[in-house]
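In what follows, a structure is listed as C-alpha cells, so that the remarks can point back to it.
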Amino acid sequence: MDEASLITAAQQGRVDAFNELVLAYQHQVYNLAYRILGDPASAADATQEAFISAYQNIARFRGGSFKSYLMRIVSNACYDELRRRKRRPTTSFEDFGEVDEEANPALINGGEGPEEYAERQEMARVIQTGIETLPPDQRITLVLSDVQGLSYQEIAEATGVSLGTVKSRLARARGKLRDYLRTHGELLPARYRLDGVSPGE
Amino acid sequence: MTMVRLFTRQAKERKQRDELLSAYLDGQLSAGERARLEAQLATDPALRAELEALRHTVALVRDLPPVPIPRNFILPPTVAARPRPAPSARPRRAWAAPLLTAATAVVSLLFVVVLAGDLLLSGVGRLAFAPAAAPPKEIPQVVLETTPVVEAEAEEAMRSGAMPTASMLPMPTEAPLEVPPAATAGAERYEAETPEGVESPVPAIGGGPINEVTAPAPGPIPTVEVGVAAAPTAATEGTEVAPSMIEEEERTAAAEGEREVRESETAGPAPISPWRALEVALGLTALGLALATVRAWRARRRQ
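Heads up: the protein sequence lines correspond to chains E and B, in order.
Residue 185 in the working numbering sits at position 108 of the first sequence, with consecutive numbering throughout.
Residue 1600 in the working numbering sits at position 198 of the second sequence, with consecutive numbering throughout.
Printed below as a string of C-alpha cells:
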C-alpha cells in the first residue's frame, strides 16, 4: 500500500495501517526529537506522544506532506517538553551527556574504522551539547533544517511562523553554534576542527 | 554611551551579516542580494572566513550520525479503541470550556434555588390545592409509595420529550371529574397495547372500574407501564400537530385520571406542579451542561 492509501485507511480507524506509517517514519521522528531534546528517554516519550497524537488527529490531516504533518506534531511535543523543563528543571543532567550511539555498532559506516567511528561520536557529542545551548525556537529550527533537511517553507509550516522568521531563527542558531564551536573547538577531534578560521573578528 | 551604541550597532550588523550568509548557504538569496554578497566576499577575507565557519558548522550538524531508535513506536491496538472525535466536533474553540463551566454553574444554582423554593413553598401549595381532591383514605400504603416514582417518570419523559405537553399539564387536574370510567378504560386498553403487547388488553373485558386492575398486589406493574407508554408518544408525537396532541392529551388525561382514581391521596394534584417541571428541566440541563463541560475541558487539554 502506498502512503496515501495507508493514511486513508488510518483515517477510517485502522491502527494497523497507521502503524505502517509509524514504521516508515519512526527513525526520522525519533532523531528529530533526540536532537532537540538531547536525551534518549525524553526523545522516546516525545516520539510516542507524537505518534499517538498524529493518529488521534489524523482525521484533520487533509492531504499535503505527511512528513511535514508529523514533523509539526513532534516539534510541538518537543517544544512542550522544553517548556516543561524550563518551568521545573528537574531533569537529571546525566541524561544529557549520555549518547548511546556507541552502544550500537550497526551505526558504524561502511569503511569507517573504529577510530573514525569514535571520533565521529565525539564530534556528535560536542555538536549536540552546542545545540542544547540554543533557545527552543532556534534549536527546533536548526534541527529541522540541518538534521532533517526540511526546506524553509516546510519549517515555516511545521513551526507555524513566517518564512522571514525561519530565516532569522536559523541564522541566529547557526551563528550561535558557530560561536560555541569556536570557544569549544578543542573538544572536537582534529579532523572536525575548523582550521584556518580565526576566532572572533 | 557611545560605546553601548557602537556595540549594539555592531551586534545588529553581525546579525544581519549572519542572516545573509546563512541564507546564502541555503541558496535563499535573491539574485541581487547574492551578487552583492559575492562581490563583498571577493574583497573581504574576514567575511569569507565567517562564511566558511558557518558552512563548516552547518556541515557538522548535517554530518551528525543518526541515532538508533530504542524501540518500535507502533501503537498498541488499545489506542484504536480511544475515542476519535469527528473532525467537525474536534476543533472546539478555546472559549467553549470556560463558557460551559459558567453556564453549568448558573444552571446548577438556578436548580438549587428552584428546588429550595419548591421545598419551602410546597406546604402552601398543597393547602391551596387541597380542596380540589377529596382524599379517600382507604388506599393501601403500597400504591401510595409507588406513585411518586411513576409521576416523576411520566413527567420527566414528557418534559424532556416535548414542551407542548408542559403547557397542557394543568388540564388533567380536572380529568377525573370529566372522564367517564368507560373512556378511561378505553384509554387504558390503548396504552396496554402499545408497550410491545407485554400485557394483553385484559382491562377491556372488565370495562369496569380501574381499581380492579390496580388495587391487588400486581398494582405497581401497570402503573410503571403508564410511564413507559407515555415516554415514546411524548417524544415522537409531541412535535406534531393537533390530532396527535389531542390524542395525547386524552391519554395523559386518562393516565392522570386513572392515577387520580387509584391514589387520590393527600398530596392532591402534585403531579402537575410547575415547580416540579422546572426542577426536572433545570436538573437535566445542568447535567447535560456538566457533561459537555467535562468534554470541552478534555478536548482543550488535548490540544
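Glycine included, every Cβ here is placed at the ideal spot set by N, Cα and C.
Per-residue contacts from LEU1462 (chain B) into chain E (C-beta, under 7 Å) = MET200, ILE204 and TYR269
ask   = From which residue to which residue does the alpha helix (DSSP H) around ILE113 (chain E) run?
value = 92 to 114
key: Outcome for PHE1409 (chain B) when other beta-carbon atoms lying within 10 angstroms are tallied against a minimum of 16   = exposed
task = List the endpoints of the continuous alpha helix (DSSP H) containing GLU196 (chain E).
result = 191 to 208
query = DSSP on ARG249 (chain E), reduced to helix/strand/coil?
reply = helix
ask   = Taking one C-beta from the segment 1447 to 1454 of chain B and one from the segment 211 to 231 of chain E each time, how about it: are there three or more such pairs within less than 8 Å?
value = no
ask   = In terms of alpha-carbon separation, which member of B:THR1695, B:ILE1476, B:ASP1465 and B:PRO1676 lies closest to TYR107 (chain E)?
value = B:ILE1476
key: Backbone secondary structure at ILE150 (chain E) - three-state DSSP   = helix
Residue environment, GLU1440 (chain B), which counts as buried when at least 16 other CB atoms sit within 10 Å = exposed
query = With 16 as the cutoff for other CB atoms within 10 Å, does LEU1431 (chain B) come out buried or exposed?
reply = buried
ask   = Going by beta carbon distance, what residues of the same chain come within less than 8 Å of ALA81 (chain E), once the five residues before and after it are set aside?
value = none
query = Applying a beta-carbon distance threshold of less than 7 Å, which residues of chain E neighbour LEU1439 (chain B)?
reply = The contacting residues do not exist; LEU1439 (chain B) stays about 13 Å from chain E at best.
query = Do GLN198 (chain E) and LEU109 (chain E) have their C-beta atoms closer together than 9 Å?
reply = no
inquiry  = I'd like to know whether the C-beta of ALA1444 (chain B) is nearer than 9 Å to at least one C-beta of chain E.
reply    = no
ask   = Taking C-beta to C-beta, are ILE217 (chain E) and CYS155 (chain E) nearer than 9 Å?
value = yes
task = Decide if GLY141 (chain E) is buried, meaning its Cβ has at least 16 other Cβ atoms within 10 Å, or exposed.
result = exposed
ask   = What do you get for THR260 (chain E), buried or exposed, if any count of 16 or more other CB atoms within 10 angstroms of its CB means buried?
value = exposed
Under 8 Å by beta carbon: chain E residues contacting LEU1456 (chain B) = ARG251, GLY252 and ARG255
inquiry  = I'd like the list of long-range same chain contacts for ALA235 (chain E), defined as Cβ closer than 8 Å, with 5 residues on each side in sequence excluded.
reply    = SER145, MET148, ARG149, SER152, LEU221 and LEU227
request  = May I have the straight-line CA-CA distance separating ASP279 (chain E) from ALA87 (chain E), to the nearest angstrom?
outcome  = The requested residue 279 (chain E) does not occur in the structure, where chain E is confined to residues 78 to 278.
key: Residues that ILE129 (chain E) contacts on chain B, provided the C-beta gap is smaller than 7 Å   = LEU1477 and VAL1481
query = In the structure shown, what three-state DSSP assignment does HIS1458 (chain B) receive?
reply = helix
query = Closest to THR124 (chain E) by CA distance: which of E:PHE138, E:ARG139 and E:LEU100 is it?
reply = E:LEU100
inquiry  = Is it buried or exposed, ASN1474 (chain B), if we count other Cβ atoms within 10 angstroms and call 16 or more buried?
reply    = exposed
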